[in-house]
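For reference, the structure is listed below as structure tokens.
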């Protein structure tokens, strides 16, 4: 049974019921783990039928890392695929990290998903500059330069 009560038998993390793109029941699990800028890692779990669950980050991780300024190349995709493969997780064509799991191995797959995303976070931490780039919000938002 896929519900937050089930999640709370695994962990005390935040849990919110959601629906997949095809209406399938699912959950968003907010973890206490984070990406390099301390944004929480979320795992989505969908009941895809036949006793299987799909654990995914819904593409959030790569989208967020890109927003941080990490320019992802095809070489990076290959590197990331190798990093998460060690946990049995794949990088989908839509940029989501996911693992398909029989319900009886859900706990293992949940842990593997988090471990894989933490490894991606560490990879990103090593790629990102130590100091954030300084931005002028007036220029970015209004496309104007301040008077000197």
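Residue numbers (the numbering used here): 846 to 993.
We put the CB at the ideal spot given by N, CA and C, even for glycine.
Being a predicted model, the structure only gives us computed values, none of them experimental.
(request) Rounded to whole angstroms, what's the CA-CA distance from residue 893 to residue 899? Just pull it up for me. (result) Taking the first residue of the chain shown as 1, we reach residue 893 at position 48. Taking the first residue of the chain shown as 1, we reach residue 899 at position 54. The straight-line gap separating the alpha-carbon atoms of residue 893 and residue 899 is approximately 7 Å.
(request) Mark residue 861 as exposed unless 16 or more other C-beta atoms lie within 10 angstroms of its C-beta, in which case mark it buried. (result) Here residue 861 is taken as the residue at index 16 of the chain shown, counted from 1. By the neighbour-count rule (16 or more Cβ atoms within 10 Å), residue 861 is not buried but exposed.
(request) For the beta strand (DSSP E) containing residue 958, list its first residue and its last residue. (result) Taking the chain shown and counting its residues from 1, the one referred to as residue 958 is at position 113. Not the beta strand (DSSP E): residue 958 falls in the alpha helix (DSSP H), residues 951-972.
(request) Could you tell me the distance, in whole angstroms, from the CA atom of residue 940 to the CA atom of residue 955? (result) Residue mapping note: residue 940 aligns to position 95 of the chain shown, counting from 1. Residue mapping note: residue 955 aligns to position 110 of the chain shown, counting from 1. C-alpha separation (whole angstroms): 19 Å.
(request) Taking only the alpha-carbon atoms, compute the straight-line gap between residue 950 and residue 922 and give it to the nearest angstrom. (result) As a first step, residue 950 is located in the chain shown; it is residue number 105 there, counting from the start. As a first step, residue 922 is located in the chain shown; it is residue number 77 there, counting from the start. Roughly 27 Å between the two C-alpha positions.
(request) Determine, using beta-carbon pairs with one atom in the segment 925-934 and one in the segment 952-971, whether at least three such pairs fall under 8 Å. (result) As far as the Cβ criterion goes, the segment 925-934 touches the segment 952-971, which means the pair count is three or higher.
(request) May I have the straight-line CA-CA distance separating residue 944 from residue 888, to the nearest angstrom? (result) The residue you call residue 944 lines up with position 99 of the chain shown. The residue you call residue 888 lines up with position 43 of the chain shown. Distance between the alpha carbons of residue 944 and residue 888: 11 Å.
(message) Assuming residue 905 is part of the alpha helix (DSSP H), what are its boundary residues?
(response) In the chain shown, counting from the first residue as 1, residue 905 sits at position 60. The continuous alpha helix (DSSP H) containing residue 905 extends over residues 905-912.
(message) I need the straight-line Cα distance from residue 877 to residue 965, nearest angstrom please.
(response) Translated into positions along the chain shown, residue 877 becomes position 32. Translated into positions along the chain shown, residue 965 becomes position 120. So the alpha carbons of these two residues sit roughly 16 Å apart.
(request) Go ahead and label residue 946 buried or exposed: buried means 16 or more other beta carbons lie within 10 angstroms of its beta carbon, across all protein chains shown. (result) For the purposes of this step, residue 946 is taken as the residue at position 101 of the chain shown. In this structure residue 946 is buried. Its beta-carbon is surrounded by 16 or more other beta-carbon atoms within 10 angstroms.
(request) Evaluate residue 916 with the Cβ neighbour count: other Cβ atoms within 10 Å of its Cβ, from every protein chain shown; 16 or more gives buried, anything less gives exposed. (result) Stepping through the chain shown from its first residue, residue 916 is reached at position 71. Exposed, since its Cβ has fewer than 16 Cβ neighbours within 10 Å.
(request) Mind checking which residues open and close the alpha helix (DSSP H) that includes residue 870? (result) Stepping through the chain shown from its first residue, residue 870 is reached at position 25. No alpha helix (DSSP H) contains residue 870, which is instead part of the beta strand (DSSP E) from 870-879.
(message) For the alpha helix (DSSP H) containing residue 888, name the first residue and the last one.
(response) For this step, residue 888 is matched to residue 43 along the chain shown. It is not in any alpha helix (DSSP H) - residue 888 instead sits in the beta strand (DSSP E) that spans 885-894.
(request) May I ask you to list the residues that DSSP assigns as paired with residue 862? (result) The residue given as residue 862 occupies position 17 in the chain shown. According to DSSP, which records beta bridges pairwise, residue 862 is partnered with 872.
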